[in-house]
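Asker:
There are 2 protein chains.
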Amino acid sequence: MSSNIHSVVIVGFGGMGKYHAELIKENNSLEVVGTYDVLEARRTDSAKAGYKVYESYEEVLADPAVEIVLIATPNDVHKEIAVRALQAGKHVICEKPVAMSKEELQEMLAAADAAGRVFMVHQNRRWDEDFLTIKKMYDQEIIGSLFQIESRVHGANGIPGDWRHVKAQGGGMLLDWGVHLLDQLLFMIDSKVTSVSSSLSFILGNDVDDGFEAILQFENGIKAIVEVGTTNFITLPRWYVKGIEGTGIIEDWSLTGRLVTRNNEGQKIEPKPIRAGVGLTKTMAPPSEGATITEALPQPAALSSSFYDNFAAVIEGTAEPIVKNSEVLRVQNLIEAIFESAEKNQVLKDFDMYGEGK
Amino acid sequence: MSSNIHSVVIVGFGGMGKYHAELIKENNSLEVVGTYDVLEARRTDSAKAGYKVYESYEEVLADPAVEIVLIATPNDVHKEIAVRALQAGKHVICEKPVAMSKEELQEMLAAADAAGRVFMVHQNRRWDEDFLTIKKMYDQEIIGSLFQIESRVHGANGIPGDWRHVKAQGGGMLLDWGVHLLDQLLFMIDSKVTSVSSSLSFILGNDVDDGFEAILQFENGIKAIVEVGTTNFITLPRWYVKGIEGTGIIEDWSLTGRLVTRNNEGQKIEPKPIRAGVGLTKTMAPPSEGATITEALPQPAALSSSFYDNFAAVIEGTAEPIVKNSEVLRVQNLIEAIFESAEKNQVLKDFDMYGEGK
Numbered sequence: 001m002s003s004n005i006h007s008v009v010i011v012g013f014g015g016m017g018k019y020h021a022e023l024i025k026e027n028n029s030l031e032v033v034g035t036y037d038v039l040e041a042r043r044t045d046s047a048k049a050g051y052k053v054y055e056s057y058e059e060v061l062a063d064p065a066v067e068i069v070l071i072a073t074p075n076d077v078h079k080e081i082a083v084r085a086l087q088a089g090k091h092v093i094c095e096k097p098v099a100m101s102k103e104e105l106q107e108m109l110a111a112a113d114a115a116g117r118v119f120m121v122h123q124n125r126r127w128d129e130d131f132l133t134i135k136k137m138y139d140q141e142i143i144g145s146l147f148q149i150e151s152r153v154h155g156a157n158g159i160p161g162d163w164r165h166v167k168a169q170g171g172g173m174l175l176d177w178g179v180h181l182l183d184q185l186l187f188m189i190d191s192k193v194t195s196v197s198s199s200l201s202f203i204l205g206n207d208v209d210d211g212f213e214a215i216l217q218f219e220n221g222i223k224a225i226v227e228v229g230t231t232n233f234i235t236l237p238r239w240y241v242k243g244i245e246g247t248g249i250i251e252d253w254s255l256t257g258r259l260v261t262r263n264n265e266g267q268k269i270e271p272k273p274i275r276a277g278v279g280l281t282k283t284m285a286p287p288s289e290g291a292t293i294t295e296a297l298p299q300p301a302a303l304s305s306s307f308y309d310n311f312a313a314v315i316e317g318t319a320e321p322i323v324k325n326s327e328v329l330r331v332q333n334l335i336e337a338i339f340e341s342a343e344k345n346q347v348l349k350d351f352d353m354y355g356e357g358k
Numbered sequence: 001m002s003s004n005i006h007s008v009v010i011v012g013f014g015g016m017g018k019y020h021a022e023l024i025k026e027n028n029s030l031e032v033v034g035t036y037d038v039l040e041a042r043r044t045d046s047a048k049a050g051y052k053v054y055e056s057y058e059e060v061l062a063d064p065a066v067e068i069v070l071i072a073t074p075n076d077v078h079k080e081i082a083v084r085a086l087q088a089g090k091h092v093i094c095e096k097p098v099a100m101s102k103e104e105l106q107e108m109l110a111a112a113d114a115a116g117r118v119f120m121v122h123q124n125r126r127w128d129e130d131f132l133t134i135k136k137m138y139d140q141e142i143i144g145s146l147f148q149i150e151s152r153v154h155g156a157n158g159i160p161g162d163w164r165h166v167k168a169q170g171g172g173m174l175l176d177w178g179v180h181l182l183d184q185l186l187f188m189i190d191s192k193v194t195s196v197s198s199s200l201s202f203i204l205g206n207d208v209d210d211g212f213e214a215i216l217q218f219e220n221g222i223k224a225i226v227e228v229g230t231t232n233f234i235t236l237p238r239w240y241v242k243g244i245e246g247t248g249i250i251e252d253w254s255l256t257g258r259l260v261t262r263n264n265e266g267q268k269i270e271p272k273p274i275r276a277g278v279g280l281t282k283t284m285a286p287p288s289e290g291a292t293i294t295e296a297l298p299q300p301a302a303l304s305s306s307f308y309d310n311f312a313a314v315i316e317g318t319a320e321p322i323v324k325n326s327e328v329l330r331v332q333n334l335i336e337a338i339f340e341s342a343e344k345n346q347v348l349k350d351f352d353m354y355g356e357g358k
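Next up, the structure:
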């Protein structure tokens, strides 16, 4: 019944909408047939790019040629656009963060269920090679079982753009970048989050956070530190992970990094004390020569298919979604716990939706 | 009444005792005249080094030629040795961590008061140049007012030595290294700690912590992260600090580092979006060319004198102690709060002794 190429209308033709249009050009499962945007300038952009320009959202929904609505608007209008699309019988791809609250998301998921249509959130950073390199290390215990995972994204530009400054539109760094970093961790680590503590940063004087730090403790013993900053003129490494046998680092998006592990073949030589500052230390002396091995990062893990191909296969009933809605709901719930922990300055426990709705 | 060279007996002639002996050779205020150690091998070391070897602690205390007892034993016996020395009319220099508990320290301070003798803890890392460089930045707001201070010490050797593994002797990294890093922060930042959260690491299977992380929130708005690890085969920077105008980093003990600040003279150019992983980001793009300035670290701040000279001057009544006992007690209290926060996995508030006993 379904063709092999599925038609997409992009709603919201800003930076992300245009980026989707470019990426879908390279994809064989989906095809962008048109766009809708409330701003005149973006309708002009779309026409120039050769897409059909819908004059109203009603027109999109009424067009039987449209199979999929892709939502790339500010966050506060995701819900209404998604629910109306689902009710009109369209499948929906929604940008992240999916919703303003867990309740909004639940409403969206109920609409998808009622309509029997596919709803999938574009958690595209599950496909990032830096993350998939860490995932390989985690799954295959390349530096031994990982027990500490630090995931940081640092910039010095403040919060760019317009609506990303505005609380009512779902701005702020916890929602914008936190949703990716948290989604990656929960996707990789199959264990319950037993506690979270966090703090938000408001250095730039916006009404939304310009950065945050959250510390997650998992039931399986892993501690994860997730940090986003937009006032960091020097960046700390994108990933810093500790395993039983060594440490791994990925400096940046270019996948510069290395593994340093204990050399179990080497002689056991006590390190020599060094003078560090005005004191002596053996504890913090560099390991003796030959005591460690430095290696290149492993190749990234591979996911079963691209986001768009997976979405098409789910529509066609031939695959399970890689980004499951129960996972997206769990991340949304975790984000709300992080906001609450920061506001109360308390460690939160017993909140995680791990295992629910699987 | 007092001579200008004060006689010292070192009690505990292990690594730190010997290090003191070497350092005091270069000092004009103090002179090591003898040592006492319970181990035969160390008595031999001391004799070889030309020091008088006391056969018992009683003999040290009974010797009127001894003005100062310097305690460099395991932590669990500091108190008894110190109290007996003070009661015998000696001044005392004590290694860190000063005591097993706040109560022990209070007993030591009461003995010093009762005897009218000087008791000072060797918090020598207040003189570390890396710390004094950060202190200069803090005091002079070189990258603007600092609002985040991250102080880390990472090693890969586990916990070396013998008694440092043993809880009953005051082992573990929070007591061994934490006491330095926390002392530095409280010495530098004149503000109350309003909350602390922490976790300890027990990866090596000792009965003491092999590392910890503590997050301190100060009343003046500063957030500090203090972390010690002994299973870090790759080290994160010794210091990472964020100010309103820029970021500073000190990589290691060799004072490799830099400042990167906003270029207020430069044109305001929006950064260009970059492709990072599979996504686009303007937020995390590097700042535009000319938007920042990179500078060398400033010269370290200077303290009024060396530890030993200050100790001698305090004995002579010509100076206030640089390491005040009220400060040492406050750090001990903070350490106990960090243990409690980690054990309960809670944020602790309303515990800081800021301003008490000043």
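Chains S and Z supply the protein sequences, listed in that same order. Going by the UniProt record's numbering, the letters in the first sequence line up with residues 1 to 358, in that order. Going by the UniProt record's numbering, the letters in the second sequence line up with residues 1 to 358, in that order. All C-beta atoms in this analysis are idealised placements derived from N, C-alpha and C, irrespective of residue type, glycine included.
Check whether the stretch 145-162 of chain S touches the stretch 320-329 of chain S, taking contact to mean three or more Cβ pairs, one atom from each stretch, closer than 8 Å.
Answerer: Cβ pair count under 8 Å is below three, so no.
Asker: Considering only DSSP beta bridges, list what residue 149 of chain Z is partnered with.
Answerer: DSSP, once it has assigned bridges, lists Z/224 and Z/241 as partnering residue 149 of chain Z.
Asker: Threshold first: 4 residues or longer. Then list the alpha helix (DSSP H) segments lying entirely within the stretch 83-120 of chain Z, N to C.
Answerer: If we require 4 residues or more, the alpha helix (DSSP H) runs fully inside the stretch 83-120 of chain Z come out as 102-115.
Asker: Please report how far the alpha carbon of residue 306 of chain S lies from the alpha carbon of residue 122 of chain S, in whole angstroms.
Answerer: Near 11 Å, if we compare the C-alpha coordinates of residue 122 of chain S and residue 306 of chain S.
Asker: Between residue 264 of chain S and chain Z, is there a C-beta pair that is closer than 8 Å?
Answerer: No, residue 264 of chain S lies away from the interface with chain Z (no Cβ there is under 8 Å from its Cβ).
Asker: In angstroms, rounded to a whole number, what distance separates the CA positions of residue 4 of chain Z and residue 180 of chain Z?
Answerer: In a straight line, the C-alpha of residue 4 of chain Z is about 30 Å away from that of residue 180 of chain Z.
Asker: To the nearest angstrom, report how far apart residue 33 of chain S and residue 46 of chain S are at their CA atoms.
Answerer: Going by the C-alpha atoms only, they are around 11 Å apart.
Asker: Quick one: which unbroken alpha helix (DSSP H) runs of 4-plus residues sit fully inside the stretch 239-313 of chain Z? Chain order, please.
Answerer: Within the stretch 239-313 of chain Z, no complete alpha helix (DSSP H) run reaches 4 residues.
Asker: Identify, in the order they occur along the chain, each residue of the same chain with its Cβ nearer than 6 Å to the Cβ of residue 231 of chain S, setting aside the five sequence neighbours on each side.
Answerer: The residues are 203.
Asker: In its own chain, which residues sit with a C-beta less than 7 Å from the C-beta of residue 300 of chain Z, not counting the 5 before and 5 after it?
Answerer: Closer than 7 Å at Cβ, skipping near neighbours: 129, 132, 133 and 136.
Asker: Looking at the structure shown, is residue 166 of chain S part of a helix, part of a strand, or coil, going by DSSP?
Answerer: If DSSP states are grouped into helix, strand and coil, residue 166 of chain S belongs with coil.
Asker: List the residues of chain S that residue 239 of chain Z touches, going by C-beta distances under 8 Å, in chain order.
Answerer: Near residue 239 of chain Z there are no residues of chain S at all, since even the closest Cβ is about 11 Å away, more than 8 Å.
Asker: For residue 353 of chain Z, which residues from the same chain have a beta carbon less than 7 Å from its beta carbon, with the 5 sequence-adjacent residues on both sides left out?
Answerer: If we look at residue 353 of chain Z and ignore the five residues flanking it on each side, its Cβ neighbours are 329, 330 and 333.
Asker: Which one of Z/338, Z/339, Z/346 and Z/154 has the shortest CA to CA distance from residue 341 of chain S?
Answerer: Minimum Cα distance to residue 341 of chain S is reached at Z/346.
Asker: Which chain S residues sit within Cβ distance under 9 Å of residue 261 of chain Z?
Answerer: By Cβ distance, chain S contributes 233.
Asker: Who are the Cβ neighbours of residue 321 of chain S in its own chain at under 6 Å, not counting the five residues just before and after it?
Answerer: Result list for residue 321 of chain S: 120 and 314, in chain order.
Asker: List the endpoints of the continuous beta strand (DSSP E) containing residue 216 of chain S.
Answerer: Residues 211-218.
Asker: Tell me residue 70 of chain Z's beta-bridge partners as DSSP assigns them.
Answerer: DSSP lists Z/10 and Z/93 as partners of residue 70 of chain Z.
Asker: Measure the alpha-carbon distance for residue 250 of chain S versus residue 237 of chain S and round it to whole angstroms.
Answerer: Approximately 6 Å between the Cα atoms of the pair.
Asker: At 9 Å on the CB atoms, spell out the chain Z contacts of residue 287 of chain S, in chain order.
Answerer: Per Cβ cutoff of 9 Å: 155, 156, 157 and 233.
Asker: Closest by CA to residue 259 of chain S, which one among S/189, S/253, S/240 and S/221?
Answerer: Nearest option by C-alpha distance: S/240.
Asker: So what does DSSP say about residue 199 of chain S, is it helix, strand or coil?
Answerer: Reduced to three states, the DSSP call for residue 199 of chain S is strand.
Asker: Helix or strand or just coil, what does DSSP make of residue 25 of chain Z?
Answerer: Residue 25 of chain Z: helix per DSSP, three-state reduction.
Asker: Please state if the CB of residue 272 of chain Z and the CB of residue 291 of chain Z are separated by a distance shorter than 8 Å.
Answerer: Not a contact, by the Cβ cut-off of 8 Å.
Asker: Reducing DSSP to helix, strand and coil, say where residue 344 of chain Z ends up.
Answerer: Helix, per DSSP.
Asker: Tell me whether residue 234 of chain Z is buried or exposed, calling it buried when 16 or more other Cβ atoms sit within 10 Å of its Cβ.
Answerer: Buried, by the Cβ-count rule.
Asker: Suppose contacts are defined by Cβ-Cβ distances below 8 Å. Is residue 68 of chain S in contact with residue 95 of chain S by that definition?
Answerer: No, these two residues do not count as a Cβ contact at 8 Å.
Asker: Which first and last residues belong to the beta strand (DSSP E) in which residue 378 of chain S is found?
Answerer: With chain S covering only 1 through 358, there is no way to say anything about residue 378 of chain S.
Asker: Using the beta-carbon of each residue, which ones in chain Z are nearer than 8 Å to residue 250 of chain S?
Answerer: Here the premise fails: no neighbours, minimum Cβ distance about 11 Å.
Asker: On the criterion of 16 or more Cβ atoms from any shown chain inside 10 Å, does residue 312 of chain S qualify as buried, or is it exposed?
Answerer: With 16 or more Cβ atoms within 10 Å of its Cβ, residue 312 of chain S is classed as buried.
Asker: Under the rule that 16 or more other beta-carbon atoms within 10 Å means buried, what is residue 92 of chain S, buried or exposed?
Answerer: The residue is buried, with at least 16 neighbouring Cβ atoms inside 10 Å.
Asker: Beta strand (DSSP E) containing residue 318 of chain S: first to last residue?
Answerer: Run containing residue 318 of chain S: none; DSSP gives neither H nor E here.
Asker: Nearest CA to the CA of residue 89 of chain Z: which residue from Z/60, Z/268 and Z/77?
Answerer: Nearest of Z/60, Z/268 and Z/77 to residue 89 of chain Z, Cα basis: Z/60.
Asker: Along chain S, in chain order, which residues have C-beta atoms closer than 9 Å to that of residue 124 of chain Z?
Answerer: Under the 9 Å cutoff, chain S gives 277, 278 and 279.
Asker: Kindly list the residues whose CB is nearer than 8 Å to the CB of residue 2 of chain Z, restricted to its own chain and excluding five residues on each side of it in sequence; keep chain order.
Answerer: Confidence at residue 2 of chain Z is low in this model, with a pLDDT of 43, below 50, so its placement is unreliable and no value can be given for it.
Asker: If you measure between the beta carbons of residue 207 of chain Z and residue 268 of chain Z, is that distance less than 8 Å?
Answerer: Contact flag unset, no.
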